[in-house]
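All you need for my numbering is the position in the sequence shown, starting with 1, plus 1216. C-beta atoms are modelled at their ideal positions from N, C-alpha and C, and glycine is treated no differently. Model, not experiment: these values are computed from the prediction.
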Amino acid sequence: MYQLENVLRPYAWGSTTAISALLGTPASGGPEAELWIGAHPGAPSVASRAGATPLALDALISEDPEHFLGAESVAAFGPRLPFLGKLLAADKPLSLQVHPSLEQARAGFALENAAGVAPDAPERNYRDDNHKPEMIFALTPFQALCGFRPAAESRAAFEHLAGLVEASGAGASALRDVAGELSAPDESAALRGAFSTLIAGGGGVTAAVSAAVKAVAGAPSGSLEPHAAELSAMLGIGREYPGDPGVLISLMLNLVSLAPGEAIYLPAGNIHAYLKGLGVEVMASSDNVLRGGLTPKHIDIPELMKTVEFAPIGVPRVEAGTSVLGQELYVPPFREFRLQRIELAPGAEPVPLAQSGPAVVVVVSGAVLLDSPKSELRLVRGGSAFIPAAENPVMVHAESGASEDSVAFAITTSLES
């Protein structure tokens, strides 16, 4: 088993304190948005074991993929770690975004390579040839936008907002135009039409965003009902990204509030944005993101429109299943990953790691001992490890005599689910 040193990504939307407070590590003083735990070549963890030179995890795995990943994982996903774990701490809204399917990612990556687009070019859409289905598990109250809601619900919100704007000044006509688009009899066409009108931007949309934010900010709270939650979220987004079309697009999406311990998953084509909170994010090992707003980064509208799934969905929640000895297991409908939450009182009986192929483990409270027939590794709060497939089975022990429960998260594949 290998202890990991992970890469902290300082994106501007990140909290300055949440990740360091969770792990008990010194704060950097700047934004700490994501801690990457895995082998993605964009920011691989560094693996260490006694008596061996530290090595980037992707390089380590490449030395003997079947040993580290297992034959079944290599056959299904190739000679790379199929998942990427992150601790994600949003203090401001992330970009409005969508992830491609595996076929789209492979085709787009090949086309950009053939065109000579540099791998790190800011205008590049596809950083790798993999898809990026993902799941977020909330550690604190967590708010997100996730997928289109029914067109009729969005239309009602835009009509209500137009009334608020009309009462305070000009700018209502663009909002009523969007409401009209959402009235189309074919729901997919209605969502596509309204989204297209907004994402294209232009002076009318920019003015409507500004007018909408001003009207909601100045409206008596009772006048926002029955759309208070989504209009309040829109107001917060608009203050961070003035004039951005994504501010109004937010009214077309499901507003999701997760309590700690709740999770949602995000398949290809699901337009979404995380707004605020701390969570454990798990995904297929990819960095492919097509953005649609709420960002100064590159936006490719034609490619985005080919990727977004224009259909209403319910909130795609992941309910906790139960693994051996009652440990929580979160299994989304993707083969690349599943998440296990392990909580052990001091001196409790050890529990087995619900391992399928390779695994990574991160400890967020207390300390644990990972024990396999071949080796053992102690991890304290803030520590993490990579467990090769060849180490299976692994038992997780709580530290005896500790003053608090030990809590760890483990990520492995879903090949046996």
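Does the distance from the CB of residue i to the CB of residue j come in under 7 Å?
i: residue 1471; j: residue 1446; result: yes
i: residue 1252; j: residue 1290; result: no
i: residue 1398; j: residue 1526; result: no
i: residue 1229; j: residue 1303; result: no
i: residue 1501; j: residue 1299; result: yes
i: residue 1254; j: residue 1301; result: yes
i: residue 1594; j: residue 1240; result: no
i: residue 1231; j: residue 1305; result: yes
i: residue 1713; j: residue 1495; result: Examination of residue 1713 is not possible in this model, given that the chain is present from 1217 through 1633 alone.
Return the residue from the list the options that minimises the CA-CA distance to residue i.
i: residue 1433; options: 1478, 1381, 1400 and 1351; result: 1381
i: residue 1454; options: 1607, 1584 and 1422; result: 1422
i: residue 1367; options: 1435, 1469 and 1315; result: 1469
i: residue 1586; options: 1617, 1626, 1619 and 1620; result: 1626
i: residue 1512; options: 1287, 1461, 1535 and 1431; result: 1461
i: residue 1538; options: 1588, 1609, 1604 and 1567; result: 1567
i: residue 1631; options: 1292, 1318, 1234 and 1229; result: 1292
i: residue 1563; options: 1240, 1403, 1613 and 1444; result: 1613
i: residue 1413; options: 1393, 1426 and 1535; result: 1393
i: residue 1435; options: 1415, 1383 and 1405; result: 1383
i: residue 1280; options: 1615, 1605, 1611 and 1617; result: 1605
i: residue 1504; options: 1569, 1346, 1331 and 1528; result: 1346
i: residue 1429; options: 1410, 1452 and 1417; result: 1452
i: residue 1616; options: 1565, 1589 and 1575; result: 1565
i: residue 1244; options: 1227, 1521 and 1389; result: 1227
i: residue 1404; options: 1618, 1365, 1296 and 1424; result: 1365
i: residue 1608; options: 1628, 1267 and 1479; result: 1628
i: residue 1578; options: 1516, 1497 and 1256; result: 1497
Run the CB neighbour count on residue i, radius 10 Å, all protein chains shown included, and call it buried at 16 or more, exposed below.
i: residue 1341; result: buried
i: residue 1250; result: buried
i: residue 1217; result: buried
i: residue 1622; result: buried
i: residue 1169; result: This structure does not reach residue 1169, given that the chain is present from 1217 up to 1633, and the question cannot be answered.
i: residue 1456; result: exposed
i: residue 1514; result: exposed
i: residue 1476; result: exposed
i: residue 1438; result: exposed
i: residue 1528; result: buried
i: residue 1248; result: buried
i: residue 1402; result: exposed
Can residue i be considered in contact with the ligand COA, in the sense that its beta carbon sits closer than 6 Å to one or more heavy atoms?
i: residue 1285; result: Ligands displayed in this structure: none; no statement on the ligand COA is therefore possible.
- Could you pull out every unbroken alpha helix (DSSP H) segment of at least 4 residues lying fully inside the region 1340–1403, listed in chain order? 1367–1384 and 1388–1397
- Are the region 1543–1559 and the region 1333–1351 in contact at 8 Å, needing three or more beta carbon pairs? yes
- At a cut of 8 Å, does the region 1274–1284 reach the region 1321–1339 through at least three beta carbon pairs? no
- Report yes or no: do three or more beta-carbon pairs, one from the region 1312–1319 and one from the region 1328–1339, lie closer than 8 Å? no
- Query: Considering only residues of the region 1509–1561, which uninterrupted alpha helix (DSSP H) runs meet the minimum length of 4 residues and lie entirely inside it, listed in chain order?
  - Reply: 1517–1523
- Contained beta strand (DSSP E) runs [length at least 3] in the region 1589–1622, N- to C-terminal order: 1592–1596, 1600–1603 and 1611–1614
- Message: Suppose only complete runs of 3+ residues qualify. What are the beta strand (DSSP E) ranges in the region 1232–1271, listed by chain order?
- Response: 1250–1254 and 1262–1264
- Which runs of the alpha helix (DSSP H) spanning at least 4 residues fall entirely within the region 1292–1330, listed in chain order? 1318–1330
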